[in-house]
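One structure is given here, and the rest of the page talks about it.
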Amino acid sequence: MTEEQEAELDEQADDVEEDVAEEAADEAEGLQEGDFVELEYTAYTAEDDQLVDTTDPEVAEEEGVDDQGQEFKPRTIVLGEGHIFEAVEQAIIGSEPGDSGTVTVPAEDAFGEYDPDDVQTVSAEKIDEDDRYPGANVQIEGQQGYISTIIGGRARVDFNHPLAGEDVEYEYTVADEVDDREQQATGLFEMYLGMEPDLWIETDEVEEEVPVEPDEDADEDAEPEFETETVEKETLYLEATPQMTMNQQWMMGKQQIGQDVIDKVGVDRVIVQEVIDGMGGMGMGGMMGGMGGMGGGDIEEALEDADVDADEIVEELEGAEE
């Protein structure tokens with residue numbers, strides 16, 4: 008058998024595998040990987056009932072965490088993307104909206120096993136004076152930890168996750184499947200940024216340069232030709248508020264976040280719009296008692312309006328120099 012025949016057989020086998028996978032996906036019932044769902048949940052440590060996370064405002068109030076500036080409500084996630092613990096994700100796959108359950112997530116799959124080697128003694132000089140007390144969260148040489156004890160010039164810093172070694176009891180309800188793409192995008196941005204932005208999806212006509220198919224007898228070394236073509240693009244518009252613009256996650260990863268939204272929501276592009284609201288005619292103070300910022304107007308016209316002779320000003324300045 009020739010290499011070409013082997014390659015052809017391999018390609019046919021791949022096609023068969025793809026067809027089988029597609030048929031299996033079509034036959035699968037319930038929610039599947041890639042589906043957007045709206046999830047309600049509350050998670051506690053299994054041993055001592057310490058709250059890990061919740062979407063329930065009543066639970067947040069009972070646990071005294073409702074004043075942390077976080078909004079407690081159902082969250083939109085994408086199954087199969089690691090947005091929740093894998094054990095919970097697997098329990099949800101195949102279920103239907105309205106289903107609920109409880110999953111115990113073992114420590115190694117939650118926040119990791121507790122590692123005694125991650126507790127280190129460091130010089131107190133490496134810690135800001137305001138943070139030199141037991142329980143303080145500190146960052147040392149790029150590692151996040153908390154001070155367990157501090158005596159004199161030495162501190163014991165625990166770099167384990169605060170919930171390391173804890174099994175997690177996770178109660179959930181699949182509130183709904185999310186089909187609306189604007190709601191899908193909102194859920195993704197809220198998950199990444201911790202805030203719900205104003206956004207909308209529109210179909211725009213856009214002119215773009217596309218390559219022209221060369222003639223069969225064209226020179227292979229000839230420069231490719233392009234022509235302008237009007238195409239439709241689905242655009243997700245996002246209003247960039249000051250709160251969003253200053254969001255650290257957005258500043259560090261806007262390109263990756265935007266690309267993830269494009270891939271998962273199925274739009275062609277994301278356009279971020281910055282809105283600057285008017286100041287109600289207050290103007291912009293500057294030099295000469297509020298006449299600063301004349302860059303958008305004509306200085307000579309401004310002087311005429313103020314009944315000032317520009318030639319007289321020049322003569323006075325020249326006289327002062329002499």
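So in the numbering used here, the last one in the sequence shown is 329, and the numbering has no gaps at all. Ideal Cβ placement from N, Cα and C applies to all residues, glycine included. If you're wondering where the values come from, they're calculated on a predicted model, not measured in any experiment.
Please tell me whether Asp165 and Tyr153 are closer than 8 Å, where the distance is taken between their beta carbons.
yes
Can the beta-carbon of Val4 be found less than 8 Å from the beta-carbon of Leu245?
Summary: the structure shown does not reach residue 4, with the chain confined to residues 8 through 329, and so no result is reported for it.
Please report the Cβ distance between Val277 and Ile283, rounded to the nearest whole angstrom; I am assuming they are in contact, meaning their Cβ atoms lie under 8 Å.
Between Ile283 and Val277 the Cβ distance is about 20 Å, and since that is not below 8 Å, they are no contact.
May I have the straight-line CA-CA distance separating Gly101 from Tyr177, to the nearest angstrom?
18 Å
Please state whether DSSP places Val72 in a helix, a strand or coil.
coil
Using the Cβ count rule (16 or more neighbours within 10 Å means buried), how would you classify Glu173?
buried
Who are the near neighbours of Val213 in its chain, counting only those whose CB is closer than 8 Å to its CB and skipping five residues on each side?
Within the same chain, Val213 has close Cβ partners Thr237, Val238, Glu239 and Lys240.
For Pro113, name the three-state secondary structure that DSSP assigns.
Coil at Pro113, not helix or strand.
Below 8 Å CB to CB, which residues in the same chain sit around Glu132 once its five sequence neighbours on both sides are set aside?
Excluding sequence neighbours, Glu132 sits near Gly160.
Tell me the DSSP secondary structure of Lys271 in three-state form.
The three-state reading of DSSP puts Lys271 in helix, counting H, G and I together.
Per-residue DSSP class, three states only, for Gly194:
helix
May I ask you to verify whether the region 60–68 touches the region 86–101, counting CB pairs closer than 8 Å and requiring at least 3?
no
At the level of alpha carbons, what is the spacing between Glu369 and Pro231?
Lying outside 8 to 329, the shown extent of the chain, residue 369 is not represented and no answer is given.
Which residue comes first and which comes last in the beta strand (DSSP E) that contains Val85?
Arg82 to Val85
Exposed or buried, which one is Gly302 when buried takes at least 16 other CB atoms within 10 Å?
With a pLDDT of 49 at Gly302, under the threshold of 50, the modelled position of this residue cannot be trusted; read the value that follows with caution. The residue in question, Gly302, is exposed, as its Cβ has fewer than 16 Cβ neighbours within 10 Å.
Coarse secondary structure for Met294, derived from DSSP in three states:
Caution is warranted here: a pLDDT of 46 is assigned to Met294, below 50, making its placement in the model unreliable, and no coordinate value can be reported.
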